[in-house]
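Quick notes on the structure that follows.
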Amino acid sequence: MPRQKSILIVYAGGTIGMRRSRRGYVPQAGFLEARMAAMPDLRSPDLPRYAIHELVPLLDSANMRPRDWLTIGRAIRDAYDEHDGFVVIHGTDTMAYTAAALSFMLDNLGKPVILTGSQIPLVEVRSDGRENLITSLLIAARYRLPEVCLYFGDRLLRGNRATKVSAAGFRAFASPNFPPLGRAGVEIEIDRELLRPMPSAPFRLRPVAHPHVADLRIFPGITAELLRQFLAPPLDGAVLHTYGVGNAPDDPELLAAIAAATARGVVLVNCTQCLKGRVDMEDYATGKALLEAGVISGYDMNPEAALTKLFYLLSRGLETAEVRRLMQQDLRGELSR
Ligand code: ASP
């Protein structure tokens, strides 16, 4: 008989394990584990063995910071050899950021890491958490998936391509610029052609530190004054959410503020505000002006991937030119050129 697979559940927080309080839903230590122990489904012989590593404190994911990504990464690194796969239970609000951040930090990953959670807590009768959790455990145990994924509402997505698109729907995530890696209907179907290759080098955790990274959505009426303040030191890098294929107002004062920042070594990455599509700064004069001011293309990266990639690369002590080069390269399947 094949050995029963073993999965580590890293429980970071989120609605799935929350209980009602007078101030609304809050996570509570030990509560999810007790709830799971009382679920007969989770003792089915069809499921892998699992152990739970609960983080302290459990977080509403609105409170997640880069150092919490590191805590999750360390929990996976420390148990990497003992388990066949990892399920990270996480709140939906910033799940796409954590998934993208982990995809960069877990270098040469050769085992599945699946983030999941729910819109309704597991204790409620209509919870979507049971299906999300059980299917994530099954996928993590059954498939050779050498990447960070997000499973939610019947779809398995590449973690650094996922974005939260619905505040209350059970299909809360989409992957607008990359097809789903799998679907869970009557059968679980994984599209093997889309998966990342198995790594040839040993797994390692690449930590993130505390570079000054930010995010700005361009809007009609944005002023040079606001932009100058946003781009002022100590900023190291930022994602600019531009219009359409990567356009912004080509007002000379705005462009001068941008050019002064890039000349100082601030890495500015152009991502589109559109949910779907890619940046091409050669299309319009208003895009070309950004290119000439030193802004680099984010191509079809989603803003979560671009932001966390900046955190990752700017934590590595690389020269600015190297950060700019790697930002425009596909490192973990987050970008197609
Ligand atoms: N605020 C919650 C969180 O992100 C929402 C959820 O889990 O669905 O932790």
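Under the numbering used here, think of the first position of the sequence shown as -7, with each following residue one higher. A virtual CB, placed ideally from N, CA and C, is assigned to each residue, including glycine.
Leaving out the 5 sequence neighbours to the left and right, which residues in its chain are closer than 6 Å to residue i when beta-carbon positions are compared?
| i | result |
| --- | --- |
| D85 | S53, A54 |
| E326 | N152, M293, A297 |
Out of the options, which one is the CA nearest neighbour of residue i?
| i | options | result |
| --- | --- | --- |
| M10 | L148, A193, I210, A26 | A26 |
| S289 | R308, G238, K301, D60 | G238 |
| V259 | V205, R308, K268, R147 | V205 |
| S13 | A201, P113, L39 | P113 |
| L180 | L227, E123, L50 | Position check: residue 180 holds Ile in this sequence, whereas Leu was assumed. Checking every option, the nearest Cα to that of I180 belongs to E123. |
| T234 | A224, G279, P226 | G279 |
| K301 | N169, P199, G6, L24 | P199 |
| R(-5) | V105, G5, H75, V18 | H75 |
| L173 | G161, F195, S192, R136 | R136 |
| K268 | V178, T155, S119, R188 | T155 |
| V2 | L39, L107, D73, F170 | L107 |
| R147 | F162, N169, L232 | F162 |
| F78 | P58, D99, I44 | I44 |
| L232 | F222, V261, L223, R317 | V261 |
Closer than 7 Å by C-beta to residue i: which residues in its own chain qualify, once you throw out the five before and the five after it? Chain order, please.
| i | result |
| --- | --- |
| A285 | L247, I250, A251, T254 |
| G257 | T312 |
Between residue i and the ligand ASP, is there a pair consisting of the residue's CB and a ligand heavy atom that are separated by less than 6 Å?
| i | result |
| --- | --- |
| G6 | yes |
| D60 | no |
| S53 | yes |
| T90 | no |
| D85 | yes |
| G213 | no |
| G109 | yes |
If we count the other Cβ atoms within 10 Å of its Cβ and call it buried at 16 or more, is residue i buried or exposed?
| i | result |
| --- | --- |
| R324 | buried |
| F303 | buried |
| L299 | buried |
| E139 | buried |
| F144 | buried |
If you drop the 5 nearest sequence neighbours on each side, which residues of the same chain put their C-beta closer than 8 Å to that of residue i?
| i | result |
| --- | --- |
| D272 | V237, G238, G279, S289 |
Report task. Starting from the N-terminal side, write out each stretch of the beta strand (DSSP E) that is 3 residues or longer and does not extend beyond the stretch 135 to 222. Result -> 140 to 144, 147 to 150, 174 to 176, 180 to 182, 205 to 209
**Message:** Quick check on the DSSP output: what are the complete alpha helix (DSSP H) runs of length 4 or more inside the stretch 257 to 292, in order along the chain?
**Reply:** 277 to 284
- Item | 4 or more residues per run - each alpha helix (DSSP H) lying fully within the stretch 29 to 100 | 58 to 70, 87 to 97
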